[in-house]
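**Student:**
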Amino acid sequence: MRRALTWVVMVAVGIFAAVGLWSAAVDPAPVSAEETAREVSQSLRCPTCAGESIADSSAMLSDAMRQTVDQQVRQGRSADEIRAWFAERYGDQVLLAPPRSGYGWVLWVAPLALVGAAAVVVLLVGGTSTRRRWWAALLVLAVTSLAGVWLLVPQTTPDPQRLKQEDPPQVNAVAVLRDAVDHAPGNAGLRIAFAGALEEVGQDAEAVEAYAAATRLRPLDSDVRYRHAFALVRSDDPGAAREVLEESLHVRQDHAPSLLLLGALVHGEDPDRASALLQQFVQLAPEHPAVDQVTAFLAGQLDEVPAEALP
(Lines of atoms letter the chains of each structure in order from A and count residues from 1; the text may use other names and numbers.)
(Lines give C-alpha, C1' and ligand atoms only; values in the text may rest on other atoms or scores of the structure.)
Protein backbone atom coordinates (compact mmCIF):
# COMPACT_ATOMS: atom_id res chain seq x y z
CA MET A 1 0.00 0.00 0.00
CA ARG A 2 2.87 2.34 0.78
CA ARG A 3 4.26 1.72 -2.71
CA ALA A 4 0.85 2.53 -4.20
CA LEU A 5 0.66 5.81 -2.29
CA THR A 6 4.15 6.68 -3.51
CA TRP A 7 3.02 6.12 -7.10
CA VAL A 8 -0.05 8.27 -6.50
CA VAL A 9 2.09 11.15 -5.21
CA MET A 10 4.51 10.83 -8.13
CA VAL A 11 1.71 10.81 -10.67
CA ALA A 12 0.09 13.82 -9.00
CA VAL A 13 3.33 15.78 -9.13
CA GLY A 14 3.71 14.81 -12.77
CA ILE A 15 0.23 16.06 -13.57
CA PHE A 16 0.96 19.40 -11.90
CA ALA A 17 4.17 19.74 -13.89
CA ALA A 18 2.53 18.74 -17.18
CA VAL A 19 -0.39 21.11 -16.71
CA GLY A 20 1.97 23.94 -15.81
CA LEU A 21 4.12 23.36 -18.89
CA TRP A 22 1.05 23.11 -21.11
CA SER A 23 -0.36 26.33 -19.69
CA ALA A 24 2.90 28.17 -20.31
CA ALA A 25 3.14 26.79 -23.84
CA VAL A 26 -0.38 27.57 -25.04
CA ASP A 27 -0.89 30.86 -23.23
CA PRO A 28 2.37 32.71 -22.66
CA ALA A 29 2.29 35.83 -20.54
CA PRO A 30 1.94 39.09 -22.51
CA VAL A 31 5.28 40.67 -23.26
CA SER A 32 4.14 44.07 -24.50
CA ALA A 33 1.62 46.76 -23.57
CA GLU A 34 -0.39 46.02 -26.71
CA GLU A 35 -0.64 42.32 -25.87
CA THR A 36 -1.63 43.09 -22.28
CA ALA A 37 -4.35 45.47 -23.46
CA ARG A 38 -5.58 42.88 -25.95
CA GLU A 39 -5.66 40.16 -23.29
CA VAL A 40 -7.67 42.35 -20.91
CA SER A 41 -10.04 43.48 -23.65
CA GLN A 42 -10.73 39.86 -24.58
CA SER A 43 -11.72 39.11 -20.99
CA LEU A 44 -14.18 42.01 -20.56
CA ARG A 45 -17.77 41.75 -21.73
CA CYS A 46 -19.32 44.29 -24.10
CA PRO A 47 -22.09 45.94 -22.03
CA THR A 48 -24.45 46.36 -25.00
CA CYS A 49 -23.68 43.18 -26.96
CA ALA A 50 -24.51 39.51 -26.49
CA GLY A 51 -21.58 37.15 -26.34
CA GLU A 52 -18.84 39.56 -27.41
CA SER A 53 -15.79 40.88 -25.67
CA ILE A 54 -14.92 44.55 -25.94
CA ALA A 55 -11.96 43.50 -28.10
CA ASP A 56 -14.33 42.19 -30.80
CA SER A 57 -17.13 44.75 -30.46
CA SER A 58 -17.57 47.97 -32.41
CA ALA A 59 -20.08 49.39 -29.91
CA MET A 60 -19.53 52.88 -28.53
CA LEU A 61 -19.19 51.66 -24.93
CA SER A 62 -16.71 48.97 -25.93
CA ASP A 63 -14.55 51.58 -27.63
CA ALA A 64 -14.64 53.69 -24.47
CA MET A 65 -13.68 50.69 -22.34
CA ARG A 66 -10.79 49.83 -24.68
CA GLN A 67 -9.54 53.40 -24.33
CA THR A 68 -9.61 53.01 -20.54
CA VAL A 69 -7.79 49.68 -20.74
CA ASP A 70 -5.06 51.21 -22.93
CA GLN A 71 -4.62 54.12 -20.53
CA GLN A 72 -4.34 51.87 -17.50
CA VAL A 73 -1.84 49.59 -19.25
CA ARG A 74 0.31 52.64 -20.03
CA GLN A 75 0.08 53.59 -16.36
CA GLY A 76 1.73 50.28 -15.50
CA ARG A 77 -1.22 48.34 -14.12
CA SER A 78 -1.29 44.57 -14.57
CA ALA A 79 -4.04 42.69 -16.39
CA ASP A 80 -5.50 41.41 -13.11
CA GLU A 81 -5.49 44.90 -11.59
CA ILE A 82 -7.36 46.34 -14.59
CA ARG A 83 -9.95 43.55 -14.52
CA ALA A 84 -10.43 44.13 -10.79
CA TRP A 85 -10.86 47.87 -11.44
CA PHE A 86 -13.67 47.20 -13.93
CA ALA A 87 -15.33 44.59 -11.71
CA GLU A 88 -15.29 46.95 -8.72
CA ARG A 89 -17.10 49.68 -10.66
CA TYR A 90 -19.46 47.71 -12.88
CA GLY A 91 -19.85 44.38 -11.10
CA ASP A 92 -18.60 40.88 -11.90
CA GLN A 93 -20.98 40.71 -14.88
CA VAL A 94 -18.47 42.80 -16.84
CA LEU A 95 -16.06 39.81 -16.73
CA LEU A 96 -16.49 37.13 -19.37
CA ALA A 97 -15.03 34.41 -17.07
CA PRO A 98 -16.31 33.90 -13.52
CA PRO A 99 -13.95 35.35 -10.91
CA ARG A 100 -12.38 33.13 -8.28
CA SER A 101 -13.96 35.19 -5.56
CA GLY A 102 -17.43 35.75 -4.14
CA TYR A 103 -20.06 33.61 -5.87
CA GLY A 104 -17.54 32.85 -8.61
CA TRP A 105 -15.84 30.44 -6.21
CA VAL A 106 -18.82 28.11 -6.52
CA LEU A 107 -18.15 27.46 -10.21
CA TRP A 108 -14.49 26.68 -9.59
CA VAL A 109 -14.67 24.75 -6.30
CA ALA A 110 -17.75 22.63 -7.04
CA PRO A 111 -15.86 19.88 -8.98
CA LEU A 112 -13.25 19.60 -6.24
CA ALA A 113 -15.91 19.46 -3.55
CA LEU A 114 -17.83 16.70 -5.35
CA VAL A 115 -14.77 14.49 -5.80
CA GLY A 116 -13.73 15.10 -2.18
CA ALA A 117 -17.19 14.10 -0.98
CA ALA A 118 -17.00 10.93 -3.07
CA ALA A 119 -13.69 10.06 -1.40
CA VAL A 120 -15.27 10.40 2.04
CA VAL A 121 -18.19 8.17 1.03
CA VAL A 122 -15.83 5.47 -0.28
CA LEU A 123 -13.84 5.48 2.94
CA LEU A 124 -16.99 5.19 5.07
CA VAL A 125 -19.13 2.70 3.15
CA GLY A 126 -16.74 0.97 0.75
CA GLY A 127 -15.95 -2.75 0.61
CA THR A 128 -12.81 -4.33 2.06
CA SER A 129 -10.12 -2.29 3.71
CA THR A 130 -7.75 -2.76 0.80
CA ARG A 131 -10.39 -1.78 -1.77
CA ARG A 132 -11.31 1.33 0.22
CA ARG A 133 -7.69 2.38 0.32
CA TRP A 134 -7.27 1.90 -3.42
CA TRP A 135 -10.44 3.89 -4.17
CA ALA A 136 -9.34 6.60 -1.76
CA ALA A 137 -5.95 6.79 -3.45
CA LEU A 138 -7.56 7.11 -6.90
CA LEU A 139 -9.91 9.83 -5.68
CA VAL A 140 -7.02 11.73 -4.09
CA LEU A 141 -5.30 11.55 -7.48
CA ALA A 142 -8.45 12.91 -9.14
CA VAL A 143 -8.67 15.79 -6.65
CA THR A 144 -5.00 16.57 -7.26
CA SER A 145 -5.55 16.59 -11.02
CA LEU A 146 -8.54 18.92 -10.79
CA ALA A 147 -6.65 21.21 -8.44
CA GLY A 148 -3.77 21.36 -10.90
CA VAL A 149 -6.07 22.36 -13.73
CA TRP A 150 -7.86 24.89 -11.52
CA LEU A 151 -4.67 26.55 -10.29
CA LEU A 152 -2.49 26.45 -13.38
CA VAL A 153 -4.76 26.71 -16.40
CA PRO A 154 -5.80 30.31 -17.12
CA GLN A 155 -9.46 31.22 -17.11
CA THR A 156 -11.03 30.89 -20.55
CA THR A 157 -13.75 32.84 -22.25
CA PRO A 158 -17.14 31.07 -22.37
CA ASP A 159 -18.60 29.91 -25.66
CA PRO A 160 -19.85 33.01 -27.56
CA GLN A 161 -22.70 31.00 -29.08
CA ARG A 162 -24.04 30.29 -25.62
CA LEU A 163 -23.56 33.86 -24.47
CA LYS A 164 -25.53 35.17 -27.46
CA GLN A 165 -28.61 33.58 -25.91
CA GLU A 166 -28.19 35.71 -22.79
CA ASP A 167 -29.33 39.27 -22.27
CA PRO A 168 -26.49 41.84 -22.22
CA PRO A 169 -25.56 42.92 -18.68
CA GLN A 170 -26.82 46.27 -17.50
CA VAL A 171 -23.88 48.63 -17.22
CA ASN A 172 -24.16 52.37 -16.59
CA ALA A 173 -23.13 53.90 -19.93
CA VAL A 174 -22.56 57.33 -18.41
CA ALA A 175 -20.26 55.87 -15.74
CA VAL A 176 -18.24 53.89 -18.31
CA LEU A 177 -17.80 56.89 -20.58
CA ARG A 178 -17.03 59.24 -17.68
CA ASP A 179 -14.20 56.93 -16.61
CA ALA A 180 -12.97 56.70 -20.21
CA VAL A 181 -12.93 60.50 -20.56
CA ASP A 182 -11.09 60.84 -17.25
CA HIS A 183 -8.40 58.48 -18.53
CA ALA A 184 -8.21 60.07 -22.00
CA PRO A 185 -9.24 63.73 -21.63
CA GLY A 186 -7.83 64.66 -25.03
CA ASN A 187 -9.96 62.18 -26.96
CA ALA A 188 -12.72 64.17 -28.69
CA GLY A 189 -14.57 61.05 -29.82
CA LEU A 190 -14.97 59.86 -26.25
CA ARG A 191 -16.23 63.28 -25.16
CA ILE A 192 -18.83 63.26 -27.94
CA ALA A 193 -19.98 59.79 -26.94
CA PHE A 194 -20.09 60.88 -23.30
CA ALA A 195 -22.19 63.93 -24.22
CA GLY A 196 -24.61 61.75 -26.18
CA ALA A 197 -25.01 59.38 -23.22
CA LEU A 198 -25.68 62.35 -20.93
CA GLU A 199 -28.38 63.60 -23.31
CA GLU A 200 -30.05 60.19 -23.27
CA VAL A 201 -30.46 60.35 -19.50
CA GLY A 202 -31.59 63.97 -19.47
CA GLN A 203 -28.40 65.56 -18.11
CA ASP A 204 -28.45 68.34 -20.69
CA ALA A 205 -26.34 70.86 -18.79
CA GLU A 206 -23.45 68.44 -18.38
CA ALA A 207 -23.89 67.36 -22.01
CA VAL A 208 -23.36 70.97 -23.08
CA GLU A 209 -20.06 71.05 -21.17
CA ALA A 210 -18.95 67.80 -22.80
CA TYR A 211 -19.78 69.07 -26.29
CA ALA A 212 -18.00 72.34 -25.53
CA ALA A 213 -14.87 70.39 -24.58
CA ALA A 214 -15.15 68.35 -27.78
CA THR A 215 -15.52 71.58 -29.79
CA ARG A 216 -12.31 72.91 -28.28
CA LEU A 217 -10.56 69.69 -29.29
CA ARG A 218 -12.04 69.79 -32.83
CA PRO A 219 -12.51 73.49 -33.64
CA LEU A 220 -12.93 72.85 -37.38
CA ASP A 221 -15.52 70.10 -37.02
CA SER A 222 -18.91 71.61 -37.92
CA ASP A 223 -20.76 68.46 -36.91
CA VAL A 224 -19.45 68.77 -33.35
CA ARG A 225 -20.34 72.46 -33.26
CA TYR A 226 -23.84 71.66 -34.48
CA ARG A 227 -24.35 69.03 -31.76
CA HIS A 228 -23.06 71.53 -29.21
CA ALA A 229 -25.60 74.09 -30.45
CA PHE A 230 -28.46 71.59 -30.38
CA ALA A 231 -27.56 70.67 -26.78
CA LEU A 232 -27.72 74.36 -25.91
CA VAL A 233 -31.20 74.57 -27.46
CA ARG A 234 -32.30 71.61 -25.33
CA SER A 235 -30.89 73.44 -22.31
CA ASP A 236 -33.04 76.51 -23.10
CA ASP A 237 -30.12 78.67 -24.16
CA PRO A 238 -30.93 79.58 -27.80
CA GLY A 239 -28.75 82.70 -27.68
CA ALA A 240 -25.61 80.68 -26.99
CA ALA A 241 -26.73 78.13 -29.58
CA ARG A 242 -26.93 80.85 -32.23
CA GLU A 243 -23.38 81.98 -31.45
CA VAL A 244 -22.09 78.42 -31.83
CA LEU A 245 -23.98 78.00 -35.13
CA GLU A 246 -22.59 81.26 -36.47
CA GLU A 247 -19.11 79.96 -35.73
CA SER A 248 -20.01 76.64 -37.36
CA LEU A 249 -21.10 78.35 -40.58
CA HIS A 250 -18.00 80.53 -40.49
CA VAL A 251 -15.96 77.32 -40.53
CA ARG A 252 -18.16 75.67 -43.16
CA GLN A 253 -20.80 77.67 -44.99
CA ASP A 254 -22.52 74.67 -46.58
CA HIS A 255 -23.19 72.69 -43.40
CA ALA A 256 -26.86 71.87 -43.94
CA PRO A 257 -27.86 70.94 -40.33
CA SER A 258 -26.42 74.22 -39.04
CA LEU A 259 -28.30 76.17 -41.71
CA LEU A 260 -31.57 74.50 -40.76
CA LEU A 261 -31.20 74.98 -37.02
CA LEU A 262 -29.97 78.57 -37.25
CA GLY A 263 -32.78 79.43 -39.68
CA ALA A 264 -35.33 78.00 -37.23
CA LEU A 265 -33.81 80.00 -34.36
CA VAL A 266 -33.64 83.41 -36.07
CA HIS A 267 -36.90 83.43 -38.01
CA GLY A 268 -38.75 85.32 -35.26
CA GLU A 269 -36.19 88.16 -35.10
CA ASP A 270 -34.86 88.19 -38.65
CA PRO A 271 -37.33 86.58 -41.10
CA ASP A 272 -35.36 87.58 -44.18
CA ARG A 273 -32.17 85.94 -42.98
CA ALA A 274 -34.09 82.91 -41.78
CA SER A 275 -35.63 82.54 -45.24
CA ALA A 276 -32.20 82.80 -46.89
CA LEU A 277 -30.70 80.21 -44.55
CA LEU A 278 -33.57 77.76 -45.05
CA GLN A 279 -33.56 78.19 -48.83
CA GLN A 280 -29.85 77.40 -48.83
CA PHE A 281 -30.58 74.34 -46.71
CA VAL A 282 -33.19 73.08 -49.20
CA GLN A 283 -30.74 73.56 -52.09
CA LEU A 284 -27.92 71.73 -50.31
CA ALA A 285 -29.96 68.83 -48.90
CA PRO A 286 -32.94 68.18 -51.22
CA GLU A 287 -33.26 64.59 -49.99
CA HIS A 288 -33.38 65.55 -46.32
CA PRO A 289 -36.59 64.36 -44.53
CA ALA A 290 -37.28 67.92 -43.33
CA VAL A 291 -37.29 69.48 -46.79
CA ASP A 292 -41.06 69.19 -47.27
CA GLN A 293 -41.83 70.93 -43.97
CA VAL A 294 -39.21 73.61 -44.56
CA THR A 295 -40.63 74.22 -48.05
CA ALA A 296 -44.11 74.52 -46.57
CA PHE A 297 -42.81 77.05 -44.05
CA LEU A 298 -41.11 79.10 -46.77
CA ALA A 299 -44.39 79.09 -48.75
CA GLY A 300 -46.26 80.50 -45.76
CA GLN A 301 -48.18 77.31 -45.08
CA LEU A 302 -46.62 76.91 -41.63
CA ASP A 303 -46.00 79.56 -38.98
CA GLU A 304 -42.68 78.06 -37.93
CA VAL A 305 -40.37 75.17 -38.63
CA PRO A 306 -41.72 72.23 -36.61
CA ALA A 307 -39.34 70.95 -33.93
CA GLU A 308 -39.58 67.40 -35.28
CA ALA A 309 -38.16 68.62 -38.59
CA LEU A 310 -34.89 69.65 -36.97
CA PRO A 311 -32.01 67.17 -37.40
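In this text, residue positions in the sequence shown follow full-length UniProt numbering: the first is 1, and each later residue adds one.
Even glycine gets a Cβ: it sits at the ideal position worked out from N, Cα and C.
All figures in this text were calculated on a predicted structure; none of them were measured in a lab.
Less than 7 Å between the CB of glutamine 93 and some heavy atom of the ligand FAD, yes or no?
**Tutor:** No copy of the ligand FAD occurs in the structure displayed, which carries no ligand at all.
**Student:** Can you tell me the Cβ-Cβ gap for valine 266 and alanine 274, rounded? I've got them flagged as a contact below 8 Å.
**Tutor:** Counting from 1 along the sequence shown, the entry for residue 266 is found at position 266. Counting from 1 along the sequence shown, the entry for residue 274 is found at position 274. About 5 Å separates the two Cβ atoms, so the contact holds.
**Student:** How about the region 174 to 186 and the region 87 to 99: do they share at least three Cβ pairs that are nearer than 8 Å?
**Tutor:** Counting Cβ pairs under 8 Å, three or more are found: they touch.
**Student:** In the DSSP output, which residue or residues are listed as bridge partners for serine 53?
**Tutor:** Within the sequence shown, numbered from 1, the residue matching residue 53 stands at position 53. Note: serine 53 sits in a beta bridge opposite Arg45.
**Student:** How should glutamate 287 be labelled, buried or exposed, when 16 other C-beta atoms within 10 angstroms of its C-beta is the threshold for buried?
**Tutor:** Sequence index remark: in the sequence shown, residue 287 carries index 287 (1-based). By the 10 Å Cβ count, glutamate 287 comes out exposed.
**Student:** Using C-beta distances below 6 Å, list every residue in its chain close to arginine 242, excluding the 5 sequence neighbours before and after it, in chain order.
**Tutor:** What you label residue 242 is simply residue 242 of the sequence shown in a count that begins at 1. Here the set comprises Leu265.
**Student:** Between aspartate 254 and leucine 298, what straight-line distance do the alpha-carbon atoms span, to the nearest angstrom?
**Tutor:** The residue you call residue 254 lines up with position 254 of the sequence shown. The residue you call residue 298 lines up with position 298 of the sequence shown. For aspartate 254 and leucine 298, the distance between alpha carbons rounds to 19 Å.
**Student:** Terminal residues of the continuous alpha helix (DSSP H) containing glutamine 67?
**Tutor:** Translated into positions along the sequence shown, residue 67 becomes position 67. Its alpha helix (DSSP H) spans residues 60 to 74.
**Student:** Is it right to say histidine 228 is buried, meaning 16 or more other beta carbons lie within 10 angstroms of its own, or is it exposed?
**Tutor:** For this step, residue 228 is matched to residue 228 along the sequence shown. Burial call: buried.
**Student:** From the DSSP secondary-structure annotation, give me the bridge partner or partners of leucine 95.
**Tutor:** Residue numbering aside, residue 95 sits at position 95 when the sequence shown is read from its first letter. Per DSSP, Leu44.
**Student:** Between the alpha carbons of glutamine 42 and glycine 186, how many angstroms are there, rounded?
**Tutor:** For this step, residue 42 is matched to residue 42 along the sequence shown. For this step, residue 186 is matched to residue 186 along the sequence shown. Taking the straight line joining both Cα atoms gives about 25 Å.
**Student:** What's the gap between the Cα of arginine 225 and the Cα of valine 291?
**Tutor:** Start at 1 with the first residue of the sequence shown, and residue 225 comes out as number 225. Start at 1 with the first residue of the sequence shown, and residue 291 comes out as number 291. Those two C-alpha atoms are separated by around 22 Å.
**Student:** Would you mind stating whether glutamine 93 and arginine 45 have Cβ atoms separated by less than 8 Å?
**Tutor:** Sequence index remark: in the sequence shown, residue 93 carries index 93 (1-based). Sequence index remark: in the sequence shown, residue 45 carries index 45 (1-based). Contact: yes.
**Student:** With DSSP collapsed to three states, give me the class of glutamine 203.
**Tutor:** Here residue 203 corresponds to residue number 203 of the sequence shown, with the count starting at 1. Coil at glutamine 203, not helix or strand.
**Student:** Helix, strand or coil for histidine 267, going by three-state DSSP, please let me know.
**Tutor:** Position 267 of the sequence shown holds residue 267. Three-state result, histidine 267: coil.
**Student:** For glutamine 253, name the three-state secondary structure that DSSP assigns.
**Tutor:** By one-based count along the sequence shown, residue 253 stands at place 253. In the structure shown, glutamine 253 sits in coil (DSSP, three-state: anything other than H, G, I, E or B).
**Student:** Quick check on valine 305: buried or exposed, where buried means 16 or more other Cβ atoms within 10 Å of its Cβ?
**Tutor:** Position 305 of the sequence shown holds residue 305. So valine 305 counts as buried.
**Student:** Can you give me the C-alpha to C-alpha distance between leucine 249 and glycine 202, rounded to a whole angstrom?
**Tutor:** Residue 249 sits at position 249 when you count from the first residue of the sequence shown. Residue 202 sits at position 202 when you count from the first residue of the sequence shown. Those two C-alpha atoms are separated by around 28 Å.
**Student:** Helix, strand or coil: how does DSSP classify histidine 228 here?
**Tutor:** Looking up residue 228 in the sequence shown gives position 228. If DSSP states are grouped into helix, strand and coil, histidine 228 belongs with the helices.
**Student:** Between glutamine 72 and histidine 183, is the Cβ-Cβ spacing less than 8 Å?
**Tutor:** Start at 1 with the first residue of the sequence shown, and residue 72 comes out as number 72. Start at 1 with the first residue of the sequence shown, and residue 183 comes out as number 183. Yes, Cβ-Cβ distance for glutamine 72 and histidine 183 is below 8 Å.
**Student:** Report the three-state DSSP secondary structure of glycine 189 (helix, strand or coil).
**Tutor:** Within the sequence shown, residue 189 is the residue found at index 189, counting from 1. Three-state DSSP puts glycine 189 in a helix.
**Student:** So the candidates are Phe194, Arg216, Thr36; which of them puts its Cα closest to the Cα of alanine 207?
**Tutor:** By one-based count along the sequence shown, residue 207 stands at place 207. With distances taken between Cα atoms, alanine 207 lies closest to Phe194.
**Student:** Taking only three categories from DSSP, how would you classify proline 238?
**Tutor:** Counted from its first residue, the sequence shown places residue 238 at position 238. Three-state result, proline 238: helix.
**Student:** My output table needs one value for valine 305: the three-state DSSP class, helix, strand or coil.
**Tutor:** As a first step, residue 305 is located in the sequence shown; it is residue number 305 there, counting from the start. Coil.
**Student:** Using three-state DSSP, classify arginine 38 as helix, strand or coil.
**Tutor:** Taking the sequence shown and counting its residues from 1, the one referred to as residue 38 is at position 38. If DSSP states are grouped into helix, strand and coil, arginine 38 belongs with the helices.
**Student:** By alpha-carbon positions, which one of Asp204, Glu247, Ala256, Glu52 ends up nearest to aspartate 237?
**Tutor:** One-based indexing of the sequence shown puts residue 237 at position 237. Comparing Cα positions, the closest option is Asp204.
**Student:** Once you ignore the five residues that flank aspartate 70 on each side, which residues in its own chain have a CB closer than 6 Å to its CB?
**Tutor:** In the sequence shown, the residue the question calls residue 70 occupies position 70. These residues qualify, in order along the chain: Ala37.
**Student:** Give me the Cα-Cα distance between proline 219 and glycine 268, rounded to the nearest whole angstrom.
**Tutor:** Here residue 219 is taken as the residue at index 219 of the sequence shown, counted from 1. Here residue 268 is taken as the residue at index 268 of the sequence shown, counted from 1. Roughly 29 Å between the two C-alpha positions.
**Student:** Using only alpha-carbon positions, find the residue among Glu199, Glu200, Ala210 that is nearest to valine 181.
**Tutor:** On the sequence shown, residue 181 is found 181 positions in, with the first residue counted as 1. Per the Cα distances, Ala210.
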